[in-house]
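Mind the numbering: the sequence shown is residues 32 to 155 in this note's numbering, read in order.
Note that beta-carbon positions come from the ideal geometry of N, C-alpha and C, so glycine has one too.
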Amino acid sequence: MVWLLVALGGAIGSVLRYGVNRLAAQYLGADTVAGTLAVNVAGSFALGFLATAFIERSGLPTELRVMATVGLLGGFTTFSTLAYDGVRLLSGGEYWRAGVSLAANLVIGLAAAWLGVLTARAAV
């Protein structure tokens, strides 16, 4: 049953990721990496929040915790897309954009995860 819940969560997360990327492309241009950044920041915050809330205060069954973290957020976050975007930009000679994109995802993603942890702890 856990495997099916992870698959369901992953499917939902993947559809959400696609939607965020489409919105970014619609408003910022098809060649933007902003959708990847938005997904990584939101996913980092959500994982920091949910993992902390589940560990420190949740009575949720393991199956639902795994569905939300491994499934939903695993399908939603896009590190592999981030890596590919970086390679694509570097291969195209866009070293500055590649560096800014990679650094922004790392720094802002870490900050978002930390904010998620702090928010969950404050709510406990």
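Taking C-alpha atoms, which residue in the options lies nearest to residue i?
| i | options | result |
| --- | --- | --- |
| Met32 | Gly102, Gly50, Ser45 and Arg48 | Gly102 |
| Gly140 | Ala42, Tyr58 and Thr108 | Thr108 |
Taking the beta carbon of residue i as the centre, do at least 16 other beta carbons fall within 10 Å, making it buried, or is it exposed?
| i | result |
| --- | --- |
| Ser75 | buried |
| Gly130 | exposed |
| Gly124 | exposed |
| Gly50 | exposed |
| Leu149 | exposed |
Beta carbon of residue i, beta carbon of residue j: below 8 Å?
| i | j | result |
| --- | --- | --- |
| Ala170 | Leu81 | Any answer about residue 170 is impossible in this case: the structure gives the chain only from 32 up to 155. |
| Glu94 | Leu36 | yes |
| Gly147 | Ala77 | yes |
| Gly44 | Leu104 | yes |
| Ala144 | Gly79 | yes |
Could you please give the first and the last residue of the uninterrupted alpha helix (DSSP H) stretch that includes residue i?
| i | result |
| --- | --- |
| Ala144 | Tyr126 to Ala154 |
| Ser111 | Phe110 to Ser122 |
| Ser75 | Ala65 to Arg88 |
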